[in-house]
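Below you'll find the structure, written out as structure tokens, and then a few comments.
Number of protein chains: 2
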Amino acid sequence: MGATKTTHFTERQNELATLAKALGHPARIAILEHLLKVNACICGDIVNELPLAQPTISQHLKELKNAGLIKGEIEGNSICYCINEKNWRKIQKIVNSLFDKFNSQTNCC
Amino acid sequence: MGATKTTHFTERQNELATLAKALGHPARIAILEHLLKVNACICGDIVNELPLAQPTISQHLKELKNAGLIKGEIEGNSICYCINEKNWRKIQKIVNSLFDKFNSQTNCC
DNA sequence: AACCTTTATCGTAATATTGCAATTAACAAA
DNA sequence: TTTGTTAATTGCAATATTACGATAAAGGTT
């Protein structure tokens, strides 16, 4: 096979996995960190920052956008990407909800 | 191509991406949540919990173990899996170090 | 209009992931 | 030793991801 059996898992499990997957590539981490660093959503110069071709960057930006991590606004003939403020903290909470489930008191080994 | 260009990114970016990747599948989220729920590291009955064949579960467990999220200890002829206490919080911190970089004051859009 | 700049999309090749049947390995129990 | 139980490994098919050249689309500039 190879196809992920998403239907067998809960909505929440799939959502969390999808978010993690979006973060699961160094180029996308690098893109996010660049956006976080410059704060102002400087756009296509991400291509100059990273050692990847323009279509590849564009593809990664699309995935980050689909995951809700970033947003892009048209500005003249270029596009301004930046952190999706509305979702960022929400996604952080979703991720932490998994990590916070751990209780070291009752862990057996 | 298709091969991820890990060499072009920092150690940290690759580490974070690898961790996120390990979390990037609903089956692995489900396995982690089961381990978190039962607290005692009940072992191979994960296979009974999830709608996946034993070799598939075994493979997912291996990936979670490689990522440092869980550990497995031999106990008789079965193996006891549980959350890797030592790494769990550390990994949570690594993930949060990304999310905490966001400063809504200076975000432009 | 013709031209340039910027970004998305298409097409395709290389590689990685997912899933499982079959088998093996390791150990316990009879 | 033989048998049973549990989990890892192997081998392979199906699918997904990654990367990029070529091209298209959209808007600005002259």
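Heads up: the sequence lines are chains U and A, in that order.
Each residue of the first sequence is one higher than the one before, counting from 1 in my numbering.
Each residue of the second sequence is one higher than the one before, counting from 1001 in my numbering.
Virtual Cβ for every residue (Gly too), placed ideally from N, Cα, C.
Only a predicted model underlies this, so the values are computations on that prediction, with no experimental measurement involved.
Measure the Cβ-Cβ separation of residue i and residue j and say whether it is below 7 Å.
i	j	result
residue 1082 of chain A	residue 1041 of chain A	yes
residue 1020 of chain A	residue 1060 of chain A	no
residue 1013 of chain A	residue 99 of chain U	no
residue 1036 of chain A	residue 9 of chain U	no
residue 1017 of chain A	residue 24 of chain U	yes
residue 30 of chain U	residue 50 of chain U	yes
residue 1117 of chain A	residue 106 of chain U	Residue 1117 of chain A is absent from the structure shown; chain A starts at 1001 and stops at 1109.
Against residue i, what residues of chain U qualify as contacts under a CB-to-CB distance less than 8 Å, listed in chain order?
i	result
residue 1097 of chain A	Residues of chain U passing the Cβ test: none, with the nearest at roughly 10 Å.
residue 1017 of chain A	23, 24, 25, 26, 28 and 29
Tell me which same chain residues have a C-beta within less than 6 Å of the C-beta of residue i, skipping the five on either side of it?
i	result
residue 1047 of chain A	1054 and 1057
residue 1063 of chain A	1022
residue 104 of chain U	none
residue 73 of chain U	80
residue 71 of chain U	84
residue 78 of chain U	43 and 44
Please list, in chain order, all residues of the same chain as residue i whose beta carbon is under 8 Å from its beta carbon, the five residues on each side excluded.
i	result
residue 164 of chain U	The structure shown has nothing for residue 164 of chain U, since chain U only spans 1 to 109.
residue 88 of chain U	69
Cutting at 7 Å between CB atoms, please list the residues of its own chain near residue i, excluding the five before and the five after it.
i	result
residue 86 of chain U	none
residue 52 of chain U	27
Using the beta-carbon of each residue, which ones in chain A are nearer than 7 Å to residue i?
i	result
residue 20 of chain U	1020, 1023 and 1024
Interface residues of chain A around residue i at Cβ under 9 Å?
i	result
residue 48 of chain U	The premise fails here: residue 48 of chain U is roughly 14 Å from chain A at the closest Cβ pair, so nothing lies under 9 Å.
Mind listing the chain U neighbours of residue i? Cutoff is C-beta to C-beta under 9 Å, in chain order.
i	result
residue 1005 of chain A	26, 27, 51 and 52
residue 1085 of chain A	102, 104, 107 and 109
Note to self: In chain order, what are the residue ranges of uninterrupted alpha helix (DSSP H) at least 4 long that sit wholly in the stretch 64-101 of chain U?
What the structure shows: 85-99, all fully within the stretch 64-101 of chain U.
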